[in-house]
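Engineer: Got a structure for you, questions after.
Protein chains: 2
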Amino acid sequence: MAETKRIFTFLLRFLAFCTTLSAAIVMASSRERTTVLALSFEAKYSDTPALKYFVIVNAIVSIYGFLILFLPSKSQLWRLVVALDAVFTILLTSSISAAMAIAYVGKEGNPNAGWLPICDQVRKYCNQVQGALIVGVFSVILYMLLFLYSIHTALNPILLEKS
Amino acid sequence: MAETKRIFTFLLRFLAFCTTLSAAIVMASSRERTTVLALSFEAKYSDTPALKYFVIVNAIVSIYGFLILFLPSKSQLWRLVVALDAVFTILLTSSISAAMAIAYVGKEGNPNAGWLPICDQVRKYCNQVQGALIVGVFSVILYMLLFLYSIHTALNPILLEKS
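Heads up: the protein sequence lines correspond to chains C and B, in order.
The numbering of the first sequence is UniProt numbering, which starts it at 1 and goes up by one.
The numbering of the second sequence is UniProt numbering, which starts it at 1 and goes up by one.
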């Protein structure tokens with residue numbers, strides 16, 4: 001039973017690592033050159049602070065997710081993991097919210113502020129950003145599950161004594 | 001000792017309630033009418049989905065924060081509060097990140113997307129949004145503290161037996 005649980009959480013953590021890594025890579029590789037009214041310009045993620053923040057957070061969480069795959073199951077450090085899972089869940093939530101808010105303006109614009117949507121000009125770029133955000137949502141959900149599981153393990157005194 | 005702790009958390013929860021309520025009110029009352037090139041327009045929070053989301057989340061958390069002030073200390077519902085604190089901390093983080101991402105574009109613009117800053121035209125509106133965001137940051141910090149304290153209480157079996 002304990003063995004099944006360990007394999008299950010390992011798989012969940014591996015999946016979470018894959019989603020954050022691919023979200024970071026897809027977002028970081030999003031760029032498109034286009035020409036509007038004889039003016040050539042390039043849309044890329046690093047133009048927008050919110051998308052840069054998204055890439056940085058996902059990259060950091062990927063490194064954390066990768067390292068934690070190799071943490072021995074008997075390690076005392078698992079108690080620290082509850083706190084780290086909480087911190088990274090909150091960071092991921094914050095980065096995806098900021099990126100989504102900006103992506104929404106990019107898609108729909110904000111007529112009252114005079115901000116025009118840019119997705120008609122740079123369709124490929126927009127689709128790539130959207131893809132990264134969808135993967136990002138999955139990574140947030142996975143980290144929330146992992147965090148809930150961490151709390152559950154920490155809350156259960158019998159499991160605590162075992163570890 | 002238990003009495004001091006109870007008063008301390010009550011004060012913390014009261015403060016958290018005040019900050020979320022004032023963040024919602026300050027943001028919701030932010031509007032300014034201005035004239036640009038003979039065109040009169042009004043800037044208000046409800047034009048921007050991210051700011052609307054900020055107001056809604058802060059209003060919901062205010063109601064939760066208000067109700068919880070009256071929860072008897074012996075209630076079994078305190079175990080549920082750990083989960084609710086987690087949910088609302090994440091919601092607050094998400095709403096303030098989205099609102100900040102948009103407020104940043106409002107202040108600095110995004111030259112690459114052709115979005116001009118609007119804060120020079122509607123200075124009073126911008127300052128009010130900024131004020132709401134600053135109060136919002138405090139409310140997020142307070143809810144994180146409360147959540148950590150909830151976990152700590154739940155993790156401590158001696159306290160659990162007492163309640």
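C-beta: ideal position from N, C-alpha, C; glycine also.
Measuring only the C-alpha atoms, how far is serine 46 of chain B from leucine 21 of chain B?
Structural biologist: 17 Å
Engineer: Can you name, in chain order, every residue of its own chain whose Cβ lies under 6 Å from the Cβ of glutamate 161 of chain B, other than the five neighbours on each side?
Structural biologist: Residue placement at glutamate 161 of chain B is poorly supported in this model, since its pLDDT is 48, which falls under 50; the coordinates are not used for a value here.
Engineer: What is the residue span of the alpha helix (DSSP H) that alanine 113 of chain B lies within?
Structural biologist: First-last for alanine 113 of chain B: undefined, no H or E at that position.
Engineer: Quick one: Cα of glycine 114 of chain B to Cα of serine 29 of chain B, how far?
Structural biologist: 28 Å
Engineer: Is serine 29 of chain B close to chain C, meaning its C-beta is less than 8 Å from at least one C-beta of that chain?
Structural biologist: no
Engineer: In the DSSP assignment, find the alpha helix (DSSP H) that holds lysine 5 of chain C and state where it starts and stops.
Structural biologist: 2-28
Engineer: Report back the beta-carbon spacing between leucine 69 of chain B and phenylalanine 17 of chain B to the nearest angstrom; my notes put them in contact at under 8 Å.
Structural biologist: 7 Å
Engineer: Quick check on leucine 116 of chain C - is its C-beta less than 8 Å from some C-beta in chain B?
Structural biologist: yes
Engineer: From the DSSP secondary-structure annotation, give me the bridge partner or partners of alanine 43 of chain B.
Structural biologist: B/Glu32
Engineer: Just tell me which of B/Ala83, B/Val57 and B/Ala2 has its CA closest to the CA of histidine 152 of chain C.
Structural biologist: B/Ala83
Engineer: For a quick check, are the C-beta atoms of methionine 27 of chain C and valine 61 of chain C less than 8 Å apart?
Structural biologist: no
Engineer: What does the alpha-carbon distance come out to for the pair leucine 148 of chain B and glutamate 108 of chain C?
Structural biologist: 38 Å
Engineer: Does asparagine 127 of chain B get closer than 8 Å to chain C when you measure Cβ to Cβ?
Structural biologist: no
Engineer: Taking only the alpha-carbon atoms, compute the straight-line gap between cysteine 119 of chain B and glutamine 130 of chain B and give it to the nearest angstrom.
Structural biologist: 11 Å
Engineer: Would you verify that the beta carbon of residue 177 of chain C is, or is not, closer than 8 Å to some beta carbon of chain B?
Structural biologist: Because chain C is modelled from 1 through 163, residue 177 of chain C falls outside the range shown and cannot be assessed.
Engineer: Between isoleucine 158 of chain B and chain C, is the shortest Cβ-Cβ distance under 8 Å, so that the two count as touching?
Structural biologist: Confidence in isoleucine 158 of chain B is poor, its pLDDT being 47 and thus under 50, which makes the residue's placement too unreliable to answer from.
Engineer: Between glycine 93 of chain C and chain B, is the shortest Cβ-Cβ distance under 8 Å, so that the two count as touching?
Structural biologist: Note that residue 93 of chain C is threonine in the sequence shown here, rather than glycine. Yes, threonine 93 of chain C counts as interfacial toward chain B.
Engineer: Assuming the contact rule is C-beta atoms closer than 8 Å, serine 73 of chain C and arginine 13 of chain C should be a hit. Round their C-beta distance to whole Å, please.
Structural biologist: Rounded, the Cβ-Cβ distance is 12 Å, inconsistent with contact.
Engineer: Terminal residues of the continuous alpha helix (DSSP H) containing lysine 52 of chain C?
Structural biologist: 49-68
Engineer: Please classify lysine 124 of chain C: does DSSP put it in a helix, a strand, or coil?
Structural biologist: Helix, per DSSP.
Engineer: Near glutamate 32 of chain B, what residues of its chain come up, given a Cβ to Cβ distance below 6 Å and the 5 sequence neighbours on each side ignored?
Structural biologist: Ala43, Val122, Lys124 and Tyr125
Engineer: Only counting the same chain, and skipping five residues up and downstream in sequence, which positions put a Cβ closer than 7 Å to that of alanine 24 of chain B?
Structural biologist: Val55, Asn58, Ala59 and Ser62
Engineer: Please classify serine 150 of chain C: does DSSP put it in a helix, a strand, or coil?
Structural biologist: helix
Engineer: Please classify leucine 37 of chain B as buried or exposed, where buried requires at least 16 other C-beta atoms within 10 Å of its C-beta.
Structural biologist: Burial call: exposed.
Engineer: Taking Cβ-Cβ distances shorter than 8 Å, what residues in chain B pair up with glycine 106 of chain C?
Structural biologist: Per Cβ cutoff of 8 Å: Ala113.
Engineer: Return the CA-CA distance between methionine 100 of chain C and leucine 133 of chain C, expressed in angstroms with no decimal places.
Structural biologist: 7 Å
Engineer: Going by DSSP in three states, serine 139 of chain B sits in which element: helix, strand or coil?
Structural biologist: helix
Engineer: So what does DSSP say about leucine 71 of chain B, is it helix, strand or coil?
Structural biologist: coil
Engineer: By Cβ distance, which residues of its chain are closer than 6 Å to serine 95 of chain C, with the 5 residues on each side in sequence left out?
Structural biologist: Contacts found: Tyr53, Phe54 and Val57.
Engineer: Given that threonine 19 of chain C touches chain B, what residues does it touch there, using C-beta distances under 8 Å?
Structural biologist: Those within 8 Å of threonine 19 of chain C in chain B number zero; the least Cβ separation is about 18 Å.
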